[in-house]
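In the working numbering, each number is its position in the sequence shown, counted from 1, plus 441. Backbone N, C-alpha and C fix where the C-beta goes; we use that ideal spot for every residue, glycine too. To keep things clear, I will list the structure first and then write my remarks on it.
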Amino acid sequence: MTNSTKKKIKLALVGQPNVGKSLLINALCDANMRVGNFAGVTVEKAEAVAFFKDYQIEIIDLPGTYSLHGYSEEEKVTRSFLQNGTYDLVLNIVDATNLSRNLLLTTQLLESEQKFLMALNMADEAQKEGINIDTQRLTELFNVPCVLVSANTKFNLTKLLELIVQTHEAPKKPNKRIFDESIESEVEKLCDFIQAKNDPNLNAFASPRALAISLLRQEDSTAAALHDKAVYSELCEMVNLSLKQIYISHNTFNIKAIFMSDSVAFVEGAIRESVRYETPKERNKTPLIDRILINKWAGIPIFLLFMWLLFQLTFTLGDIPMGWIEKGYTALGEWVKEVVPNETLSSIIADGAINGVGAVLLFLPNIIILFLGIALLETTGYMARVAFLLDGFFHKFGLHGKSFIPLVTGFGCSVPAFMATRMLKNRKDRLLTLFIINFMSCGARLPVYVLFVGALFSKESAGNWLFCIYIFGALVGLVLAKILRLTAFRGADEPFVMEMPKYRMPSFRLVWFMVWNKAKMYLKKAGTFILAASLLVWFASNFGADESVAKSFDAKIESTKSEMAANSNLREKEMLKEMLSQEENARANALLEASYLGQAGKFLEPVFSPLGFDWRLSVSLVSGLAAKEVMISTMGVLYSLGGEEDEESEGLSGIIKTEIPFSTAIAYVLFVMFYNPCLAATTVFSREAGGWKYAGFLFLLSCGVAYLMAFVAKLVL
442 MTNSTKKKIK LALVGQPNVG KSLLINALCD ANMRVGNFAG VTVEKAEAVA FFKDYQIEII
502 DLPGTYSLHG YSEEEKVTRS FLQNGTYDLV LNIVDATNLS RNLLLTTQLL ESEQKFLMAL
562 NMADEAQKEG INIDTQRLTE LFNVPCVLVS ANTKFNLTKL LELIVQTHEA PKKPNKRIFD
622 ESIESEVEKL CDFIQAKNDP NLNAFASPRA LAISLLRQED STAAALHDKA VYSELCEMVN
682 LSLKQIYISH NTFNIKAIFM SDSVAFVEGA IRESVRYETP KERNKTPLID RILINKWAGI
742 PIFLLFMWLL FQLTFTLGDI PMGWIEKGYT ALGEWVKEVV PNETLSSIIA DGAINGVGAV
802 LLFLPNIIIL FLGIALLETT GYMARVAFLL DGFFHKFGLH GKSFIPLVTG FGCSVPAFMA
862 TRMLKNRKDR LLTLFIINFM SCGARLPVYV LFVGALFSKE SAGNWLFCIY IFGALVGLVL
922 AKILRLTAFR GADEPFVMEM PKYRMPSFRL VWFMVWNKAK MYLKKAGTFI LAASLLVWFA
982 SNFGADESVA KSFDAKIEST KSEMAANSNL REKEMLKEML SQEENARANA LLEASYLGQA
1042 GKFLEPVFSP LGFDWRLSVS LVSGLAAKEV MISTMGVLYS LGGEEDEESE GLSGIIKTEI
1102 PFSTAIAYVL FVMFYNPCLA ATTVFSREAG GWKYAGFLFL LSCGVAYLMA FVAKLVL
């Protein structure tokens, strides 16, 4: 049976953060989904497909959420999809080692009367901790199919797929979510009223019971949907009477606290009847490790040590394959020039495509090492602890402790970092974090850093300088956060509340998927966008010059060639050969300056001349607004001027050593560190911040800081 003819099941995955939803999808579907061991990693629903028997199971991974009645971005996305989305059933993923917290979300799913089943994930960890769960008894108590699984070891995954198919094919069973007597009696009264009214506006909801519970919970979405309906005033009167009775019975006017207390009692009762605790088979090492890693004195130095080691490895290990890649694309370019007879075509392929894309691919090993380090920090559970550790420090600068997660994600890529700010519930905290993410150097800037650091400093100290670049950028970002908090984003701080997951050994498969996805995105960009940009730069740098520019050099070059041919003195012939090389380079320089790209660069040069940037560096900075990797490919095309190269002047690194003054090179790196993110990241930023006016402010702020920093560096050095 082909995939197109298979029967289809649309499955919505719902669960709290850190229950392994994304890991479970990877295990079921071999889907390359991003997984991190901290709250907020999944900020949008993602999709994957599993095939089982004659079914195609489309799985929709909804954001991890603690509640369906909260107001965070994750809770809104999940609640909206469950209420309005199209799906066949819900798969509730539960952490088997933390039932008391996880089953609270399950009770809310019962209230909505959705057709669903439960998968108790991390069964292997529960067994080690001495937690024995009677799934049959839990199924009876909730009247929902339940199965123990482990996404990590793939335990019971086939059984889970069978249960999904059985649940889908079976008729919907009524749930057993019964509230205490005072709430239940009022729910029944409202149900009778709703059924008696038989109003189409009321019948549009899932069921009279679900509507009654939603009204008693005082949910804004329900009130908004019914506010303009004729039946609303009468319904409000009934609800207010019911609430009054509930308040009297519970001696409090906090309806949220009343429902939460009832849910906690229900869950505790279910756990008492279905779970047996034995002596743990393995000691939980998390508290012992935490004593060291989140120690108030040693914690931050240990984190800085980890980051220093990561940047050392990024440079030292990455340097080896970089050499192989550089030799490879240089040899390929030379071969193309030899075998392609047409000079223009060979230049397009060698100088445009190969030189431009090769200059970017050169830094792929560094990118992979950086992403590998970040993936290991995420999947072990260490990231959440660093957020906790830095909360007090961040608050001094007006940032929230949770801001650390999107900020450190920004070291990889600004796009997911901007999206990860959704974990911050306070809008001012979120906006402030959005603006500061740009000052955390993304992976696309890394090739520029590696190129310039490798050219300016020794291999022994290059890793230290790379570390300093990232730390300095972060410190500048923190200072700006303080300034923005005191000016544009004044307001009270949100208290820090974040779950601390257990430490886990990173899964090789998980880490591989995370790193491979990033590398694949980098390669895809190199093969599409950067290739197109490189060819555009080649075209702009090879056309536009007047014929008279070339003619002014041609006569002199021909004269030197004739003199070389007629001269038999070896010493003089060598001098003439060097003179010819200089004349040819001067001709190429003159043509380049007169080209379309040169004309654009000359137009921009006055803006950047106070920083010491020539027109080539100016053009590369402007190209970086589209994508930071394009800066390297642009420089690769612009500086491909021919001439003899030796071991002291290999590629762009050699040009930086010989043609760009130290102070100018440092100013250039500082400008790259701070100016506007790429076009894709800017688009996501504007969407997350709430409009393009914020993107305009980010452009002015980041470019202003970049210009100031580069100018100061040029003056001082």
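**OP:** From the DSSP output, in three-state form, read off GLY461 for me.
**Re:** It is coil, neither helix nor strand.
**OP:** Taking 8 Å as the cut-off, decide whether the C-beta atoms of LEU1079 and SER989 are in contact.
**Re:** For LEU1079 and SER989, no; Cβs fall outside 8 Å.
Subject >> Whole-number beta carbon distance between THR1105 and PHE1054, since they are thought to touch under 8 Å >> reply: Taking C-beta atoms under 8 Å as the contact rule, PHE1054 and THR1105 qualify, at a distance of about 7 Å.
Original post:
For GLY799, which of LEU972, GLU819, GLY839, GLU709 has the nearest alpha-carbon?
Top reply: For the residues LEU972, GLU819, GLY839, GLU709, the minimum Cα distance to GLY799 belongs to LEU972.
**OP:** Look up SER591 in the DSSP assignment and say whether it is helix, strand or coil.
**Re:** Here DSSP, grouped into helix, strand and coil, assigns SER591 to strand.
Original post:
From what residue to what residue does the alpha helix (DSSP H) around TYR770 run?
Top reply: Run containing TYR770: 740-780, per the alpha helix (DSSP H) assignment.
Original post:
DSSP three-state call for GLN686: helix, strand or coil?
Top reply: GLN686 falls in the helix class under three-state DSSP.
Subject >> Short Cβ contact (8 Å threshold) for LEU1032 with PHE1112 >> reply: Judged by their CB atoms, LEU1032 and PHE1112 are not nearer to each other than the 8 Å cut-off.
**OP:** Report the rounded CA-to-CA distance for PRO615 versus ALA739, giving the unit in angstroms.
**Re:** C-alpha of PRO615 to C-alpha of ALA739: approximately 54 Å in a straight line.
**OP:** Within 10 angstroms of the Cβ of TRP979, are there 16 or more other Cβ atoms? Answer buried if so, exposed if not.
**Re:** Around the CB of TRP979, 16 or more other CB atoms lie within 10 Å, so the residue is classed as buried.
**OP:** Kindly list the residues whose CB is nearer than 8 Å to the CB of PHE1152, restricted to its own chain and excluding five residues on each side of it in sequence; keep chain order.
**Re:** Closer than 8 Å at the Cβ level, and outside the excluded window around PHE1152, lie PRO1051, LEU1052, ALA1108.
Subject >> Cα-Cα separation, GLN1040 to ARG1057 >> reply: Roughly 11 Å separates the two Cα atoms.
**OP:** Using alpha carbons as the reference points, say which of MET559, GLU499, ASN525 lies closest to VAL460.
**Re:** For the residues MET559, GLU499, ASN525, the minimum Cα distance to VAL460 belongs to MET559.
Original post:
How about the segment 601-611 and the segment 739-750: do they share at least three Cβ pairs that are nearer than 8 Å?
Top reply: With fewer than three CB-CB distances shorter than 8 Å, the segment 601-611 does not count as touching the segment 739-750.
Original post:
Any idea what DSSP makes of ASN639, helix, strand or coil?
Top reply: The answer is coil: DSSP assigns ASN639 none of H, G, I, E or B.
Original post:
Below 8 Å between beta carbons: does that hold for CYS677 and ARG650?
Top reply: Cβ atoms of CYS677 and ARG650: not closer than 8 Å.
Original post:
Under three-state DSSP, which class holds GLY884?
Top reply: When secondary structure is reduced to three states using DSSP, GLY884 falls in the coil class, being assigned neither helix nor strand.
Original post:
Taking the DSSP output, what are the residues bridged to ILE574?
Top reply: VAL716, per the DSSP bridge assignment.
Subject >> Nearest residue (CA-CA) to SER683, options PHE620, MET941, ILE624 >> reply: Selected option, being the one with the closest Cα: ILE624.
Original post:
Who are ASP536's beta bridge partners in DSSP?
Top reply: Under DSSP, ASP536 shares a beta bridge with ASN562.
Original post:
Is GLN497 helix, strand or coil when you go by DSSP?
Top reply: In the structure shown, GLN497 adopts extended strand secondary structure according to DSSP, grouped into three states.
Subject >> Assigned exposure category for VAL1146 - 16 Cβ within 10 Å defines buried >> reply: Counting other Cβ atoms within 10 Å of its Cβ, VAL1146 reaches 16 or more and is therefore classed as buried.
Original post:
How should LEU920 be labelled, buried or exposed, when 16 other C-beta atoms within 10 angstroms of its C-beta is the threshold for buried?
Top reply: For the sequence presented, residue 920 should be read as Val rather than Leu. Around the beta-carbon of VAL920, fewer than 16 other beta-carbon atoms lie within 10 Å, marking it exposed.
Subject >> For THR527, the nearest candidate out of LYS556, ASN807, GLU552 (CA to CA) >> reply: For THR527, the nearest C-alpha among the options comes from LYS556.
**OP:** Please determine if the segment 448-457 and the segment 494-502 are in contact, where contact requires at least 3 C-beta pairs separated by less than 8 Å.
**Re:** When C-beta atoms of the segment 448-457 are compared with those of the segment 494-502, three or more pairs fall below 8 Å, so the two segments count as touching.
**OP:** Helix, strand or coil for VAL672, going by three-state DSSP, please let me know.
**Re:** Note: VAL672 maps to coil in three-state DSSP.
**OP:** Give me the Cα-Cα distance between LEU667 and LYS630, rounded to the nearest whole angstrom.
**Re:** Approximately 19 Å, taken between the alpha carbons.
Subject >> Euclidean distance between Cα positions of PHE756 and MET763 >> reply: PHE756 and MET763: Cα-Cα distance of roughly 10 Å.
Original post:
Using the beta-carbon count (16 or more within 10 Å), is VAL1157 buried or exposed?
Top reply: VAL1157 is exposed by the Cβ-count criterion.
Original post:
Residue ranges of each alpha helix (DSSP H) run of no fewer than 4 residues wholly in the segment 897-929, ordered along the chain?
Top reply: Qualifying alpha helix (DSSP H) stretches, in chain order: 900-927.
**OP:** Please state if the CB of ALA1136 and the CB of VAL1071 are separated by a distance shorter than 8 Å.
**Re:** VAL1071 is not a Cβ neighbour of ALA1136, given a cutoff of 8 Å.
Original post:
According to DSSP, is ILE971 helix, strand or coil?
Top reply: Here DSSP, grouped into helix, strand and coil, assigns ILE971 to helix.
Subject >> Nearest-angstrom beta carbon gap, SER715 and LEU802 [assumed within contact, 8 Å] >> reply: 55 Å between Cβ atoms; not a contact.
Original post:
From VAL531, SER882, GLN524, ASN644, pick the residue whose C-alpha is nearest to that of MET1114; which is it?
Top reply: The shortest C-alpha separation from MET1114 is found at SER882.
Original post:
Anyone know if the C-beta pair for LYS1014 and MET1005 falls short of 8 Å?
Top reply: A contact, by the Cβ cut-off of 8 Å.
Original post:
Between the beta-carbon of ASP621 and the beta-carbon of ASP703, is there less than 8 Å?
Top reply: Their beta carbons are under 8 Å apart, which means ASP621 touches ASP703 by this criterion.
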